[in-house]
Each structure stands twice: as C-alpha cells, then as structure tokens.
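Q:
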Amino acid sequence: MSVKQKDNPGTTRWGRVRRRLRWVLGGLLALVVLTVVGVKATDAVMTARERDAHAAPGELVEVDGHTMHVAVSGSGDTTVVLLPGLGTAAPVLDFEPLTRELSTWATVAVVEPFGYGWSDATDDPMLPSDVAADVQKALDAAGVDGPVVMAAHSIGGLYAQAFADAYPERTVAVVGLDPTMPRTDDVLPASEKEEDPFADPIPASIELLARGGWVRVMQAIGGDDPQMFSGATQAQGYSEENLALQTTVSNWSAVSSNVVWQAAHLEEAVDEVRDLTFSPDVPVLVFTADPAGERPAWRDAASTDYLRGSGCARDVPLVGEHYVHHEHAAEISAQIESFLAECLG
Numbered sequence: 001m002s003v004k005q006k007d008n009p010g011t012t013r014w015g016r017v018r019r020r021l022r023w024v025l026g027g028l029l030a031l032v033v034l035t036v037v038g039v040k041a042t043d044a045v046m047t048a049r050e051r052d053a054h055a056a057p058g059e060l061v062e063v064d065g066h067t068m069h070v071a072v073s074g075s076g077d078t079t080v081v082l083l084p085g086l087g088t089a090a091p092v093l094d095f096e097p098l099t100r101e102l103s104t105w106a107t108v109a110v111v112e113p114f115g116y117g118w119s120d121a122t123d124d125p126m127l128p129s130d131v132a133a134d135v136q137k138a139l140d141a142a143g144v145d146g147p148v149v150m151a152a153h154s155i156g157g158l159y160a161q162a163f164a165d166a167y168p169e170r171t172v173a174v175v176g177l178d179p180t181m182p183r184t185d186d187v188l189p190a191s192e193k194e195e196d197p198f199a200d201p202i203p204a205s206i207e208l209l210a211r212g213g214w215v216r217v218m219q220a221i222g223g224d225d226p227q228m229f230s231g232a233t234q235a236q237g238y239s240e241e242n243l244a245l246q247t248t249v250s251n252w253s254a255v256s257s258n259v260v261w262q263a264a265h266l267e268e269a270v271d272e273v274r275d276l277t278f279s280p281d282v283p284v285l286v287f288t289a290d291p292a293g294e295r296p297a298w299r300d301a302a303s304t305d306y307l308r309g310s311g312c313a314r315d316v317p318l319v320g321e322h323y324v325h326h327e328h329a330a331e332i333s334a335q336i337e338s339f340l341a342e343c344l345g
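Take full-length UniProt numbering: the final residue in the sequence shown is number 345, and no numbers are missing along the way.
1) Please classify W23: is it buried, with 16 or more other beta-carbons within 10 angstroms of its beta-carbon, or exposed?
2) Using the three-state DSSP reduction, which class does P197 fall into: helix, strand or coil?
3) Compare the C-alpha of A302 against each of E294, D315, G74, V319 and name the closest.
4) Starting from S73, follow its DSSP beta bridges and name the residues at the other end.
5) In whole angstroms, give me the CA-to-CA distance for R299 and H325.
6) Under three-state DSSP, which class holds H153?
7) For a test of the three-state rule: what should DSSP assign to G176, helix, strand or coil?
8) When you compare the CB of L102 with every CB in chain D, is at least one pair closer than 7 Å?
9) With P280 and L340 assumed to form a contact (beta carbons below 8 Å), what rounded beta-carbon distance in angstroms separates them?
10) Restricting to Cα atoms, I'd like to know which of R211, D305, D145, P57 is closest to V259.
11) So what does E267 bridge to, in DSSP terms?
12) Within a Cβ cutoff of 6 Å, which residues of the same chain sit near D305, ignoring the five residues on either side of it in sequence?
13) Alpha carbon to alpha carbon, how far is H54 from G74? Give it in angstroms, no decimals.
14) For the region 96-105 and the region 164-171, state whether three or more C-beta atom pairs, one from each stretch, are separated by less than 8 Å.
15) R216 lies in the alpha helix (DSSP H); which residues open and close that run?
16) What whole-angstrom Cβ distance do V108 and L82 have, given they're in contact under 8 Å?
17) Nearest to E337 by alpha carbon, out of H66, V270, R20, T79?
18) What's the call for G345, buried or exposed, on a 16-neighbour Cβ count within 10 Å?
19) What is the rounded straight-line gap between the Cα of E50 and the Cα of L245?
20) Can you check which of these residues, R274, S129, L307, A106, is closest to V148 by C-alpha distance?
21) When you compare each of A263, L266, A264, F229 to N251 by their alpha carbons, which one comes out closest?
22) At 3 residues or longer, what runs of the beta strand (DSSP E) sit wholly inside the region 50-101?
23) Distance check for T88 and F198, CA to CA, integer angstroms please.
24) With which residues is V316 paired in a DSSP beta bridge?
25) Alpha carbon to alpha carbon, how far is P220 from T247?
26) Name the residue from Y116, V174, A48, A132 whose alpha carbon lies nearest to the alpha carbon of S310.
27) Under three-state DSSP, which class holds V255?
28) With a Cβ-Cβ cutoff of 7 Å, do A142 and V61 count as a contact?
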C-alpha cells in the first residue's frame, strides 16, 4: 500500500508567491517595453506630421549633400548673421525678438547649423572651422552677399572667430552675445571652473531618452512657458505661438547628434581657436551677461584678452542671464547700430 506524501504547506505557499511574482514582474516588463515602443512610435508619427505642418520659415539650402536652414529678414544695407549657442533647438524662433529689432535697420540672416531647427542632423564634425565653412556655403547658397556682421551667442562665438579668421574679406565686424571666450580658463578662478555647466559631455542617458522620443513627453509635462531648452518666456517678448512652435521644433531637434558631438568636443573646439586674435580692422562688440549685477575681476580680464587686436572694440555688460538677447533685444540692436556707425563711419 502506497502513501502519498503531503506537500509542505510552507513550500506550497512560497511556490505560489514566486509564480505570482514572476507574473507581476513579467507584466511590468511587458508594460515597460510597450511604453518605450509606443513612445518611440508615437514620436516618429507626430514628428512626420509636425514637419509637414510646419514648413521652414526661411530657405532650405544644400550644403555638402545635406540641408541647412537660412532665414533672411529686413532689407537694410548692413547684413547681420546670427549664429546660436549650444543646444538652442530652434534658433530662428529663439532669435525672433532680436531679429525683429535688427531688421528695422539691417538685413538679418539666421543660420541654423546642422542638427539645429529645420537643418538636417548629420554625423559630421562640428569644430569651429567646420561650422564656419558650413555657414559660408549656406550664405552663398541663400544669396546672402557682401561683407557681414557675424553675431553669435555662447559657443557660436567660437564659430564667429573661426569665420572671421578664414573669411576676412567677408567679415565686416563681429558681435558676441555672451560669447565663449577661448582663453577664459587662463584667468578663471578654480572654483568657477568646477561649476562650469559645459565642462562635461551630454550624459548618455539624456541622449538615449531623446532618441526614444521622451523629449516630447517631458515638454508636454513642462509646458511651453518657459521654453524647456532656451528658457524663453512671454514676459521677454515671445508670443504664445512662438513658444509653442519652439516646443514643437525641439521635439525633433533637441539633443541632436550634432549637439551631442559639440558638447563632447567642446575642449577641442576651444583649443582650435585659442590662439586666434581679431584683425585690427575688424570691429568687435561683446555683450556679457552679469546675473548678479556685480562684475568680477576675472570677467574684465577675459574680456580685455578677447578683444585685443581689434582696432575698435567694446564690452557692454548686461544684467541678466546667459541668453542676453532674451531680455535685452532692443538695447542690443541699438548698441550694434551705433557701434558700427562709430567704427565703420
């Protein structure tokens, strides 16, 4: 006679718990996978629709087999070219208040480098010499003739320096909007170097989220005002429509492959123009941001060094944040006009 051994109650209960746990974990994993795939697929569909619905406001021109966006406004005798800083996802829209002021007396051309705004994203290098060459070709393709005033924000200042050095016959003056000054490290206190927000590359996790379409999700949660990537607000003169479109364009252009490359190679970019100085016959005007309203000595030293060489140079401190053209568009435009009249006659 055989006797069936009874199951151990503890073992049986633990087995049921493990099975349930596996089901729960499996369900959670499936939910995560479905969410990731769903966000990516939704982003791809919506990006295609948005690109169709929002055509580039300027001209799309071909540069080395890729498309760059150049937006021209105004009809003045002086031509001002605007270049963005690192990660400004929609430069044409970000510069809109400044463009509006400048175009009352000048012709204004906003050039969106590769990976920005409506321009193609590429895997090509983005050192100052590379961007300067791209800008030159884009201006030619867009029919922007004659000497130009190169006006650039943040690291765009490195590209403006490279442009002035490579194309002196094309450069009538340089304007920096709180520009990156390549020899600042020589005078920067150690404590400031440690706090430099651009000292490190963009984290791989941020790049992964951007590729997966999560920028769209984050912006939907955060809203349009202030704009997540530029910080622009209606209080600074941006319309509700502008900010909404900045968010839309950022959905597909923010943290592009070009922006990631630029951030990873910033030190190399600085080194490429470190030894450049401006020509005596090229006027240079810089607007430097001073959030606290108190200018430290190292800023004076950095600015003096940056401007050396130019026969007509000026530094205009502005109380405010790094995006000086957000808060001071009218003043910047007026200062540029009077400065050029003074230096060029």
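The C-beta atom is built at its ideal place from N, Cα and C for all residues, glycine as well.
A: Well, looking at it:
1) Working through the sequence shown from its first residue, we reach residue 23 at position 23. W23 is classed as exposed because its beta carbon has fewer than 16 other beta carbons within 10 Å across all chains shown.
2) Locating residue 197 in the sequence shown gives position 197, counting from the first residue. At P197, the pLDDT of 46 sits below 50, so the modelled position is not reliable; the number obtained from the coordinates is stated separately. Reduced to three states, the DSSP call for P197 is coil.
3) For this step, residue 302 is matched to residue 302 along the sequence shown. For the residues E294, D315, G74, V319, the minimum Cα distance to A302 belongs to D315.
4) As a position in the sequence shown, residue 73 is number 73, starting the count at 1. DSSP lists V108 as partners of S73.
5) For the purposes of this step, residue 299 is taken as the residue at position 299 of the sequence shown. For the purposes of this step, residue 325 is taken as the residue at position 325 of the sequence shown. R299 and H325: Cα-Cα distance of roughly 19 Å.
6) Within the sequence shown, the letter at position 153 stands for residue 153. Residue state, collapsed to three classes: strand.
7) Along the sequence shown, read from residue 1 onward, the residue named residue 176 stands at position 176. Collapsing the DSSP output to three states places G176 in a strand.
8) Note that chain D does not occur in the displayed structure, where there is just one protein chain.
9) Numbered from 1 along the sequence shown, position 280 holds the residue referred to as residue 280. Numbered from 1 along the sequence shown, position 340 holds the residue referred to as residue 340. With a contact defined as Cβ atoms closer than 8 Å, P280 and L340 miss out at about 16 Å.
10) The count along the sequence shown starts at 1 and reaches residue 259 at position 259. Comparing Cα-Cα distances from V259 to each of R211, D305, D145, P57, the minimum goes to R211.
11) Stepping through the sequence shown from its first residue, residue 267 is reached at position 267. None; E267 has no bridge partner.
12) Within the sequence shown, residue 305 is the residue found at index 305, counting from 1. Answer for D305: R183, listed in chain order.
13) Taking the first residue of the sequence shown as 1, we reach residue 74 at position 74. Taking the first residue of the sequence shown as 1, we reach residue 54 at position 54. One C-alpha to the other measures close to 22 Å.
14) In short, these stretches do not touch, since the Cβ pair count stays below three.
15) The residue labelled residue 216 in the question sits at position 216 within the sequence shown. Start and end: 214-222.
16) For the purposes of this step, residue 108 is identified with residue 108 of the sequence shown, where counting begins at 1. For the purposes of this step, residue 82 is identified with residue 82 of the sequence shown, where counting begins at 1. Indeed they touch by this definition, with Cβ atoms about 7 Å apart.
17) Within the sequence shown, residue 337 is the residue found at index 337, counting from 1. Looking at the Cα atoms, T79 is the closest of the given residues.
18) Translated into positions along the sequence shown, residue 345 becomes position 345. G345 counts as exposed, since fewer than 16 other C-beta atoms from the protein chains shown sit within 10 angstroms of its C-beta.
19) As a first step, residue 50 is located in the sequence shown; it is residue number 50 there, counting from the start. As a first step, residue 245 is located in the sequence shown; it is residue number 245 there, counting from the start. If you take the alpha carbons of E50 and L245, they lie about 10 Å apart.
20) Locating residue 148 in the sequence shown gives position 148, where the first residue counts as 1. Among R274, S129, L307, A106, the Cα nearest to that of V148 is on A106.
21) As a working note, residue 251 is residue 251 in the sequence shown. Ranking A263, L266, A264, F229 by Cα distance to N251 puts F229 first.
22) For secondary structure counted as the beta strand (DSSP E) over 3 or more consecutive residues, the region 50-101 holds these complete runs in sequence order: 59-63, 66-73, 78-83.
23) Counted from its first residue, the sequence shown places residue 198 at position 198. Counted from its first residue, the sequence shown places residue 88 at position 88. Reliability fails at F198, whose pLDDT of 47 lies under 50, so the model's placement of it is uncertain and no value is given.
24) Along the sequence shown, one-based indexing puts residue 316 at 316. Looking at the DSSP assignment, V316 forms a beta bridge with F287.
25) Taking the first residue of the sequence shown as 1, we reach residue 220 at position 220. Taking the first residue of the sequence shown as 1, we reach residue 247 at position 247. In the sequence under discussion, the amino acid at residue 220 is Ala, which differs from the Pro named in the question. Rounded to the nearest angstrom, the two C-alpha atoms are 9 Å apart.
26) As a working mapping, residue 310 is identified with position 310 in the sequence shown. Per the Cα distances, V174.
27) Numbered from its first residue, the sequence shown carries residue 255 at position 255. Correct three-state label for V255: coil.
28) Here residue 142 refers to the residue found at position 142 of the sequence shown. Here residue 61 refers to the residue found at position 61 of the sequence shown. A Cβ-Cβ contact shorter than 7 Å links A142 with V61.
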